[in-house]
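Each remark here refers to the structure printed beneath this line.
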Amino acid sequence: ADRICAYLKCVEEEKAGNNEFKLARQATLAKIEATDLPEVRHFMRDFVPSFSLTLDELDGMGSAGLTDQRTVLQDTCD
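The opening position of the sequence shown corresponds to residue 126 in my numbering, with each subsequent residue numbered one higher.
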């Protein structure tokens, strides 16, 4: 969880134009990808991409996209 949080911080900083986080993002992503946990792969695949979207892009997903993600997460946890 700490590595994912660090990765998301790097994504956020790069999105804000702070390119000093590029190498840290790449190194952190490599460590995350080396983790052999299906939950990590699921989160990185299905949820992390939305962290780089703008508010307008997120709004365009509508409630259907969010419902689909909640359903997947709920099915995974059951």
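Cβ coordinates follow ideal geometry from the N, Cα and C atoms, glycine included.
Would you kindly check if the distance between the Cβ of residue j and the Cβ of residue i is under 9 Å?
i, j, result
"C130", "K147", "no"
"S227", "M186", "Residue 227 lies beyond the range of the chain shown here (126 to 203); nothing can be said about it."
"E137", "E145", "no"
Along the chain, where does the alpha helix (DSSP H) containing residue i start, and where does it finish?
i, result
"E164", "163-171"
"A141", "Segment: none, A141 is in no alpha helix (DSSP H) and carries neither H nor E."
"A149", "147-158"
Could you check the C-alpha separation between residue i and residue j for me, to the nearest Å?
i, j, result
"L162", "F168", "10 Å"
"K183", "K140", "Note that residue 183 is Leu in the sequence shown, not Lys. Approximately 15 Å, taken between the alpha carbons."
"V173", "L154", "11 Å"
"K156", "L133", "13 Å"
"R128", "T179", "23 Å"
Can you tell me whether residue i is buried or exposed? The criterion is at least 16 other CB atoms within 10 Å of its CB, across all chains shown.
i, result
"R150", "buried"
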